[in-house]
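Before any comments, here is the structure.
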Amino acid sequence: MSDQMTKDDKEAIVDVAETGSIAVGVIHEKTLDEDCVDQVEFTVEEEKAVLRKIDRHVLPLMCFIFFAQYLDKQSLTYTAVFGLKEDLKMAGNDYSWCSTIFYIGQLGANFVFAYLMTIIPRAPLTGVCVVIWSLCCMCLAAPSTKEGFWVGRLFLGIFEAAVQPACILITTYWYRKREQPLRTAVYISMNALAQIIGCFIMYGIGRTNTGKVEDWRIMFLICGAISLVAGLLFYFFLPISPKVAWFLTEREREIALKRIYEENDRSAINKFEFEQLKECLNFDWLFYSSFAFGFLVTVTSGPIIFQSLLLASFGYDKYQSMKYGSPAGAIQLLFVWIGVLAVKLIPKERALISMFLVCVPLTGTIMVLALKQSSGWWVVAGSWLSSVITCIMTILLSLISSNVRGNTKKSLCSNAFFVGYCLAAIIYPQWWLGTYRGGLIVTIIMWIITMLLLVFYRFKAIYENKKKESMEFQTTQTIMKSDDLTDKARVQHRYVY
0 MSDQMTKDDK
10 EAIVDVAETG
20 SIAVGVIHEK
30 TLDEDCVDQV
40 EFTVEEEKAV
50 LRKIDRHVLP
60 LMCFIFFAQY
70 LDKQSLTYTA
80 VFGLKEDLKM
90 AGNDYSWCST
100 IFYIGQLGAN
110 FVFAYLMTII
120 PRAPLTGVCV
130 VIWSLCCMCL
140 AAPSTKEGFW
150 VGRLFLGIFE
160 AAVQPACILI
170 TTYWYRKREQ
180 PLRTAVYISM
190 NALAQIIGCF
200 IMYGIGRTNT
210 GKVEDWRIMF
220 LICGAISLVA
230 GLLFYFFLPI
240 SPKVAWFLTE
250 REREIALKRI
260 YEENDRSAIN
270 KFEFEQLKEC
280 LNFDWLFYSS
290 FAFGFLVTVT
300 SGPIIFQSLL
310 LASFGYDKYQ
320 SMKYGSPAGA
330 IQLLFVWIGV
340 LAVKLIPKER
350 ALISMFLVCV
360 PLTGTIMVLA
370 LKQSSGWWVV
380 AGSWLSSVIT
390 CIMTILLSLI
400 SSNVRGNTKK
410 SLCSNAFFVG
420 YCLAAIIYPQ
430 WWLGTYRGGL
440 IVTIIMWIIT
450 MLLLVFYRFK
460 AIYENKKKES
470 MEFQTTQTIM
480 KSDDLTDKAR
490 VQHRYVY
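Here numbering that gives the first Met the number 0 is used: position 212 in the sequence shown is 211, and no number is missing along the way.
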């Protein structure tokens, strides 16, 4: 496809240069006649070319954001064995509160961002939040008391709250439903990459730092600097929607929009619909299952957050904890792509695939609980398997982005997942005290409950699809392009499971 600019494209670029509006991805709407989008026709080759451009410009920014966020989160577990607890005089459950207070801030902020993401373009909102959180992360290097550190963690949690829900929503207005699982897997797999690289950064700091600044303080400064770069790039270079994509020609923008309109999704609408809120609260199965999945997939993540301390409790020193902990990220990455391949081969069985993947961390957690300190590498292998969570989270998030329709409902369900995520993250650190036995037992129970919920989700989706098929046979529904209907209201919508 030719990348030669049209007259309108040149006018748009001049406008961006004069107003600086690329910062929020705004191009005057005259560059795209939206009324004609529904009439646009394109070839398979044209669509593939547009998709490649989207992958080159949008996906790397999403990956960088997720990498930076997870590196920030994991930095707490690395620094715990490199002097953080001793320098800030933490005792008892003081360290657990470092994690808990982070998620208290994130939980409160989730409700605010659930509303803001329906009225403010999500891309610039996310970029601003990332920049602020990066500064909060660097400030974690400053405190000399545990109370000061807790305050920094609180603000870090508040501004990280916007990122993951926003990325899920952003995915839905760049990619078709069938394209979303792969892209979601790509950027969420950055969690595993961050786990690997974070271990080596902390190991390198510990081995080479001979200055007066403590190892753990340097780690927070590095993580904050990486997040700052990610936030600035996201803010300045991610457009608010395909309609104003600076990296596409006018023809390509029309194709990008038509692709999403064919999915009956106009998620970039910035308006809060109270009727959709009422639908969610009125025992909507997608809304409450989103919350439950967020809770369950997080309450089981103790083996990741406490991995360094868990290995240390089996007699490994801080450098061994870093070296032996890093392969866990590689194993996570492996299972993310096993999950992606399975979804590609069996696209209609995401819930069933998730159930099989749950068996991996369930087995690992049972191993760590059952084995004794003298078991050596078996304990390490168990800790690796028990941290295989990202692959499950990837598929669960793809179910939300694929199944939920309606701008407000999509935002609410996405945030419901992360409200559950935050509640679990507030609760579970308190179980991981002493020998960590209590945390391991709870993790096993929660994985079993997760499998039962996946069974319910699968059969509920099948049941709802049969109802819609019956309704579609009996009635004819005409949907206008301005309609912002939910999945429940759309007779033609079919749930994936």
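No residue lacks a Cβ here, since even glycine has one placed at the ideal position from N, Cα and C. Predicted model, so just to flag it, every value in this text is computed and none were measured.
Three-state secondary structure assigned by DSSP to residue i
i    : result
T209 : coil
A193 : helix
Q491 : coil
K88  : coil
G338 : helix
D71  : helix
F41  : coil
E261 : coil
R404 : coil
L484 : coil
F417 : helix
F65  : helix
W173 : coil
Y435 : coil
E500 : With the chain covering 0 to 496 only, the question about residue 500 has no answer from this structure.
S325 : coil
E348 : coil
T297 : helix
F148 : helix
A423 : helix
Residue i versus the options, residue with shortest Cα-Cα distance
i    : options                : result
A423 : I443, T297, R457       : T297
C390 : L231, L192, E46        : L192
E251 : I53, L106, D483        : I53
Q105 : F154, C198, A79        : F154
C62  : C128, I440, A184, F148 : A184
E253 : V335, W149, L280, E46  : E46
K503 : F110, K176, V228, Y172 : This structure cannot speak to residue 503, because the chain is shown only from 0 to 496.
K257 : L50, R489, K465        : L50
L396 : A79, Y186, R55         : Y186
V57  : L453, K84, R182, E274  : R182
P123 : K343, V359, I169, I103 : I169
M116 : H492, L451, K408       : K408
F355 : Q319, L280, V454, E274 : V454
G156 : Q194, L75, K84         : L75
C-alpha gap between residue i and residue j, whole angstroms
i    : j    : result
M366 : P302 : 12 Å
Y77  : R404 : 40 Å
S288 : M470 : 24 Å
L333 : Y234 : 31 Å
Y174 : I259 : 7 Å
L276 : A291 : 18 Å
L60  : L232 : 7 Å
Q179 : S401 : 7 Å
L87  : G438 : 24 Å
S385 : I444 : 13 Å
Y496 : F81  : 44 Å
G381 : N190 : 19 Å
R152 : K145 : 10 Å
G223 : C128 : 13 Å
G230 : F66  : 12 Å
M137 : I221 : 8 Å
N109 : E348 : 30 Å
G205 : F199 : 10 Å
E278 : S410 : 13 Å
H492 : V359 : 33 Å
V39  : E261 : 11 Å
Cβ pair residue i, residue j closer than 7 Å
i    : j    : result
W132 : F101 : no
L164 : N414 : Note that residue 164 corresponds to Pro in the displayed sequence, not to Leu. Against a cut-off of 7 Å, the Cβ pair of N414 and P164 comes out as a contact.
G419 : F294 : yes
S353 : I394 : yes
S300 : I388 : yes
W383 : P326 : yes
V357 : T449 : yes
M321 : Y435 : no
R457 : A350 : yes
I425 : I103 : yes
S98  : P428 : yes
V378 : L370 : yes
T125 : A90  : no
F236 : A140 : no
Classification of residue i by the beta-carbon crowding that lies within 10 angstroms, buried from 16 upward
i    : result
Y69  : buried
K487 : buried
N406 : buried
T364 : buried
D316 : exposed
G504 : Residue 504 cannot be examined here, being either before or after the span of the chain that is shown, 0 to 496.
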